[in-house]
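Numbering (this note's numbering), first residue to last: 39 to 244. See structure below.
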Amino acid sequence: MGCYTDRVLPRIIDLACGAKTSQPLRRRVCDGLEGEVVEIGFGTGHNVPFYPRDLTGVAAIEPSDLSWRLARDRVRASRVPVRRAGLDGQSLPFADDSFDSALSTWTLCTIPDALAALREVRRVLKPGGTLHFIEHGLAPEGDWRVRRWQRRLEPLNMRLLGGCHLTRSAPDLLTTAGFTVTALDVFYEEGPKIWCADSLGTALSL
Numbered sequence: 039m040g041c042y043t044d045r046v047l048p049r050i051i052d053l054a055c056g057a058k059t060s061q062p063l064r065r066r067v068c069d070g071l072e073g074e075v076v077e078i079g080f081g082t083g084h085n086v087p088f089y090p091r092d093l094t095g096v097a098a099i100e101p102s103d104l105s106w107r108l109a110r111d112r113v114r115a116s117r118v119p120v121r122r123a124g125l126d127g128q129s130l131p132f133a134d135d136s137f138d139s140a141l142s143t144w145t146l147c148t149i150p151d152a153l154a155a156l157r158e159v160r161r162v163l164k165p166g167g168t169l170h171f172i173e174h175g176l177a178p179e180g181d182w183r184v185r186r187w188q189r190r191l192e193p194l195n196m197r198l199l200g201g202c203h204l205t206r207s208a209p210d211l212l213t214t215a216g217f218t219v220t221a222l223d224v225f226y227e228e229g230p231k232i233w234c235a236d237s238l239g240t241a242l243s244l
């Protein structure tokens, strides 16, 4: 799986995450970012065009060398300074209280220890800093058929898509990590529901 994970999967994810249908969602989640931003799971830079113009800079956390190379043109065209600043969201190489805002888009599903990553984000955010997020995961409560299929397919999905979980709940993870969720919209994107249950919002670090 090493060659597939390193050489093939980043290209698949680049194509999937570049869908036009995701652009309005990226615009929504980036709206209101302020100051110096840490973005975990930068990927191939599909959020870059939607960064607010007045950001001071973005510290990109991305483990894949190929994804970073695929992001090159977007980074070069960015109106905001972007630097690759780390490889692992579970261990951020920054001092406490370093950032004004944080950004995570369809990332928590694949981080092995998502709770550790969120605690790290909270550590490096200044008091009152805000995490902007959109994550896919566990279907809304009551959609038991979708949830049942998510549980059935999760092992295969993780194997084929770089450890991507289908049954994580972003709001629950955020609350457990010590964030206060201040805005939340739960909905289905277009496509198969098992992959398209989204949570979009903001969470405050106090």
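From the three backbone atoms N, C-alpha and C, an ideal C-beta is built for every residue, glycine too. Given the structure is predicted, the values throughout are model-derived calculations rather than measurements.
- Of the residues assessed, L194 falls on the exposed side of the cut-off, its CB having fewer than 16 other CB atoms within 10 angstroms.
- For the pair Q61 and E179, the Cα-to-Cα distance works out to about 26 Å.
- Residues of the same chain with a CB within less than 7 Å of the CB of A177, apart from the 5 flanking positions on each side, are V184, R185, Q188, K231 and A235 in chain order.
- Distance check between G175 and each of A115, W144 and R121 places W144 closest, using alpha-carbon atoms only.
- Taking one beta carbon from each stretch, the segment 44 to 63 and the segment 104 to 113 have 3 or more pairs nearer than 8 Å; the two touch.
- The beta carbon of V113 is closer than 7 Å to those of G83, V86 and V120 in its chain, skipping five residues each way along the sequence.
- Spanning the alpha carbons of A123 and T218 requires a straight line of approximately 26 Å.
- Its chain contains K164 as the residues whose beta carbon lies nearer than 6 Å to that of D135, once the 5 sequence neighbours on both sides are disregarded; these appear in chain order.
- Within 10 angstroms of the beta-carbon of P131 lie fewer than 16 other beta-carbons, which makes it exposed.
- A Cβ-Cβ separation of about 6 Å places L71 in contact with L93 under the 8 Å criterion.
- Its Cα nearest to that of L222, the residue L242 stands out among H203, L242 and G216.
- Rounded to whole angstroms, the gap between the alpha carbons of L212 and G79 is 16 Å.
- As summarised for the segment 42 to 130, the continuous beta strand (DSSP E) elements at least 3 residues long and confined to that stretch are 74 to 78, 95 to 99 and 120 to 124, given in chain order.
- In the three-state reduction of the DSSP assignment, P209 falls in the helix class.
- Contact annotation: T214 and L141 have beta-carbon atoms that are not nearer than 8 Å.
- Rounded to whole angstroms, S139 and E100 show a C-alpha spacing of 17 Å.
- Inter-residue distance for G95 and F88 is about 13 Å (C-alpha atoms, whole angstroms).
- Inter-residue distance for P90 and S116 is about 11 Å (C-alpha atoms, whole angstroms).
- A distance below 6 Å between beta-carbons, with the five flanking residues on each side excluded, links E227 to the following residues of its chain, in chain order: C234 and D236.
- In this structure, E77 and A98 form a Cβ contact; the two beta carbons are roughly 5 Å apart against a cut-off of 8 Å.
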